[in-house]
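**Q**
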Amino acid sequence: MIYFPISIPFWASCLCFYICYTQAKLHHHNHHHDHDHHENKQMHPSASNTHYTCYGDGIFDVREFGAIGDGVEDDTNAFKKAWDCVCQSQSQTQSPILWVPHGYSFIIQSTIFTGPCQSPLIFQVDGTLMPPDGPKSWPKNNRHKWLVFYRINHMTIKGRGLIDGRGQQWWNLPCKPHRGPNESTLPGPCDSPIAIRFLMCTNLKLQELKIKDSPHFNLRFDRCVRVRIESISITAPASSPNTDGIHIENTNDVQIYDSFISNGDDCVSIGSGCYDVDIKNITCVHGHGISIGSLGNHNSQAWVSNITVSDSTIRHTKNGVRIKTWQGGYGAVNRVKYENILIENVRNPIIIDQFYCSTKQCSNQTSAVLVSDIEYRNIRGTYNVRSPPVHFGCSDSVPCRKITLSEVELWPVEGRMALDAFCWNAYGEMETMTVPPVYCLLDGTR
Ligand SMILES: *[C@@H]1O[C@H](CO)[C@@H](O)[C@H](O)[C@H]1NC(C)=O
Ligand SMILES: *[C@@H]1O[C@H](CO)[C@@H](O)[C@H](O)[C@H]1NC(C)=O
Ligand SMILES: *[C@@H]1O[C@H](CO)[C@@H](O)[C@H](O)[C@H]1NC(C)=O
Ligand SMILES: *[C@@H]1O[C@H](CO)[C@@H](O)[C@H](O)[C@H]1NC(C)=O
-5 MIYFPISIPF
5 WASCLCFYIC
15 YTQAKLHHHN
25 HHHDHDHHEN
35 KQMHPSASNT
45 HYTCYGDGIF
55 DVREFGAIGD
65 GVEDDTNAFK
75 KAWDCVCQSQ
85 SQTQSPILWV
95 PHGYSFIIQS
105 TIFTGPCQSP
115 LIFQVDGTLM
125 PPDGPKSWPK
135 NNRHKWLVFY
145 RINHMTIKGR
155 GLIDGRGQQW
165 WNLPCKPHRG
175 PNESTLPGPC
185 DSPIAIRFLM
195 CTNLKLQELK
205 IKDSPHFNLR
215 FDRCVRVRIE
225 SISITAPASS
235 PNTDGIHIEN
245 TNDVQIYDSF
255 ISNGDDCVSI
265 GSGCYDVDIK
275 NITCVHGHGI
285 SIGSLGNHNS
295 QAWVSNITVS
305 DSTIRHTKNG
315 VRIKTWQGGY
325 GAVNRVKYEN
335 ILIENVRNPI
345 IIDQFYCSTK
355 QCSNQTSAVL
365 VSDIEYRNIR
375 GTYNVRSPPV
385 HFGCSDSVPC
395 RKITLSEVEL
405 WPVEGRMALD
415 AFCWNAYGEM
425 ETMTVPPVYC
435 LLDGTR
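Just so we're aligned: 301 in our numbering is position 307 of the sequence shown, and the numbers increase by one with no gaps anywhere.
(1) My assumption, with CB atoms under 8 Å, is that G283 sits in contact with I317. Please give the rounded CB distance.
(2) Between which residues of its own chain and W405 is the CB-CB distance below 8 Å, once the five residues before and five after are set aside?
(3) In chain order, what residues of the same chain have a beta carbon less than 6 Å from the beta carbon of P183, not counting five sequence neighbours either side?
(4) D69 to N358, Cα distance in whole Å?
(5) Just to confirm, are W77 and F107 a CB contact at a threshold of 7 Å?
(6) According to the neighbour-count rule (16 or more other Cβ atoms, all chains shown, within 10 Å of its Cβ), is Y350 buried or exposed?
(7) Can you tell me whether L200 is buried or exposed, with buried defined as 16 or more other CB within 10 angstroms of its CB?
(8) What are the uninterrupted segments assigned as beta strand (DSSP E) that are 3 or more residues long and contained completely in the stretch 89 to 141, given in chain order?
(9) Thinking T442 and N257 are a contact (beta carbons under 8 Å), I'd like their distance in whole angstroms, please.
(10) Please list the segments of the beta strand (DSSP E) lying wholly inside the stretch 196 to 224, counting only runs of 3 or more residues, in order along the chain.
(11) Given that a residue counts as buried once 16 or more other Cβ atoms are within 10 Å of its Cβ, and exposed if not, what is Y370?
(12) Suppose you measure from the CA of Y448 to the CA of S391; what does that come to, to the nearest Å?
(13) Which residues are close to ligand 4, meaning CB closer than 5 Å to any heavy atom, in chain order?
(14) If you compare alpha carbons, which of G422, K396, C394 and P383 is closest to F416?
(15) Name, in chain order, the residues that DSSP records as bridge partners for D347.
(16) Tell me the residue span of the beta strand (DSSP E) that contains Q295.
(17) Would you grab the beta carbon distance between Q118 and S83 for me? Rounded to a whole angstrom, and I think it's under 8 Å.
(18) Going straight from the alpha carbon of E401 to that of N236, what length do you get?
(19) Hey, would you say the C-beta of N275 is under 6 Å away from at least one heavy atom of ligand 3?
(20) Classify G438: buried if its beta carbon has 16 or more other beta carbons within 10 angstroms, exposed otherwise.
(21) Are L141 and I190 close, meaning C-beta to C-beta below 7 Å?
(22) Closer than 5 Å is what we want: which residues have a beta carbon that near any heavy atom of ligand 3? List them in chain order.
(23) Determine the DSSP secondary structure at V392, reduced to helix, strand or coil.
(24) Counting only the same chain and skipping the five closest in sequence on each side, list residues whose C-beta sits under 6 Å from that of V407.
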């Protein structure tokens, strides 16, 4: 029996995880009966029959484990074997490398790469990684995730290659918004795989990677600590549903630097339980901007703190920097700083929405996640005049506190008609004059 220290909000994903993990273990076990010695030179079943003995110079090329990389053959087993070797490799001098070579396209089914491993390791993607194409080639009962990294401590994923999620057929399922007959949305489960998930990992680095066309979220981190993402690129069409770029939840000590994300949903989204997050020099295009939330759904508690977004550009998106919470719930979002942000043709550049509701059937409640100590400094650019460029919609019973604005300058993208700021139950101050002026903030810190 495997023990997972889980708490209630996570039981669902962990249960799913447990099932998959068990399957992975079974697969692993079966390999011992394969007797396909000639297939690779680096790996031999050891006498104990519980571990492989892996030989190599610390570079584990997936081709040595039987991967073909012709974009047709299923290379999953080769990746699993290569993972087992790289993960068991003990190297004093340099990190063992799982190598996905340039010039090949590897097909890999939904797979869980499980740690902990013996040494810090490198997953080097110089070639292309792809899942089987479209829902018809996926098993019906396993459509939530594609590549999963679980309980890994110290891993760098990098390379000049491409992770191609082949999302087109998933985005066009009739259960996706307006993809049904006559632009309807058919009811029913609409699962699509997240491209890459990390659960309970520590000391992760993602560098240089290119990820495109994920069927669902591109990257998702749960319960991870110390994550550094730099110089990556994530792309999916503006019209692709739920293709969030980077989603973090219950994760802390996160740096997202020098990256480009163009997609159809949140650029970066920060869920409950995240703190000490630094986002710098990223560009978000299309999609829904940088979001904290939604928080407090189903009267849950949510804590988010010490988030900084700086030196970034947000273009042609629905929102710029957004904080969204549901009515009901408890907890707090505090110490959030947005600084030096260029906004181009964004519909809601600055928005706090404590009445978030995805169903249009939410009633107002007396509790709410408290939003306080939020700074907006040097936020400039243009907005699309369909809604106020500055919107602070706070709960009746739990006002937003300590909102600070300084050097905020937002102009309509075209035409003369500028819109006023909107505030509801929001306390704070303008440190400098702003455009539009936010006179509607209430005085005092309350
Ligand atoms: C929906 O499509 C059907 C045929 O597929 C057509 O008869 C019907 O008029 C359409 N309804 C609307 C509202 O367009
Ligand atoms: C910002 O990120 C981009 C990649 O999106 C990079 O080309 C550029 O050099 C970075 N700027 C700084 C100052 O690091
Ligand atoms: C806030 O987060 C940053 C990392 O983004 C960290 O360096 C800093 O110490 C944190 N501040 C506090 C008061 O915890
Ligand atoms: C909830 O409260 C807000 C602010 O008082 C109000 O504008 C809105 O109409 C209310 N919604 C419902 C469903 O009562």
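From the three backbone atoms N, C-alpha and C, an ideal C-beta is built for every residue, glycine too. This one's a predicted model, so the numbers in the text were calculated from it and none came from an experiment.
**A** The answer reads as follows:
(1) That pair is no contact at about 11 Å.
(2) G375, T376, Y377, A412 and V429
(3) none
(4) 52 Å
(5) yes
(6) buried
(7) buried
(8) 91 to 94, 99 to 101, 105 to 108, 115 to 119 and 122 to 124
(9) No statement about residue 442 is possible, as the shown extent of the chain runs from -5 to 440 and does not include it.
(10) 196 to 201, 204 to 206, 213 to 216 and 219 to 224
(11) buried
(12) One cannot answer for residue 448 here, as it falls past the ends of the chain, which runs -5 to 440.
(13) N358 and D390
(14) P383
(15) K318 and G387
(16) Q295 to R309
(17) Contact flag wrong, Cβ pair sits at about 14 Å.
(18) 33 Å
(19) no
(20) exposed
(21) yes
(22) D270, D272 and N300
(23) coil
(24) N339, T376 and N378
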